[in-house]
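Note that full-length UniProt numbering numbers the sequence shown so that position 90 is 90, with each residue one more than the last.
For each residue, glycine too, the CB sits at the ideal point set by N, CA and C.
Values in this document were obtained by computation on a predicted structure and should not be read as measured data.
Here the structure is laid out as structure tokens; the discussion comes afterwards.
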Amino acid sequence: MGVKGKVTESGAMAGTCDAVDPDFQTHYSVEHPWSVYDLTSGTFEQAMQNLREKLPRNGWEITRDGLTKSQARNPEIVAVNRKTHHGVHIEWTRSRSGKLPKLITVDVGSRCYKAPEGTKLGRAS
Numbered sequence: 001m002g003v004k005g006k007v008t009e010s011g012a013m014a015g016t017c018d019a020v021d022p023d024f025q026t027h028y029s030v031e032h033p034w035s036v037y038d039l040t041s042g043t044f045e046q047a048m049q050n051l052r053e054k055l056p057r058n059g060w061e062i063t064r065d066g067l068t069k070s071q072a073r074n075p076e077i078v079a080v081n082r083k084t085h086h087g088v089h090i091e092w093t094r095s096r097s098g099k100l101p102k103l104i105t106v107d108v109g110s111r112c113y114k115a116p117e118g119t120k121l122g123r124a125s
């Protein structure tokens, strides 16, 4: 993104592949959500512009670049990497209610994978 700020501490997680295995028994996808906020260098607008320029140079095809359909009408970028079969949804939440800080959310997701034989996926109880 080319900016400096705080980054949420989240990790990747396995998720369901609803079209193939909605019961989460044999197939899974990987999702990694995170955000950047409290910028100390650069601007959110600059970060979004940097992403527009750098994503295509790194194998990503931008499939949507516009405003969300929500009431907030926040800027968003959606892109896919056809080589790695990953997708990303990026949103600059510049319009938030109350005193919530502005931030850019990034949600990277994978295609569906078949779990190795004997793997217990399941849902946490």
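Taken through DSSP and simplified to helix, strand or coil, Ala14 comes out as strand. Comparing C-alpha distances from Ser110 to each of Gln46, Thr68, Lys120, Asn81 shows the shortest one belongs to Asn81. When DSSP states are grouped into helix, strand and coil, Lys6 belongs to the strand group. By the Cβ criterion, the stretch 75 to 91 is in contact with the stretch 45 to 65, since at least three pairs of Cβ atoms, one from each stretch, lie closer than 8 Å.
Around the beta-carbon of Val7, fewer than 16 other beta-carbon atoms lie within 10 Å, marking it exposed. Under the DSSP definition of a beta bridge, Pro75 partners with Leu67. Contact between Tyr37 and Lys102 holds: CB atoms are separated by about 7 Å, below the 8 Å threshold. Linking Ala47 to Pro22 through their CA atoms gives a straight-line distance of about 36 Å. Under the DSSP definition of a beta bridge, Ser29 partners with Gly15.
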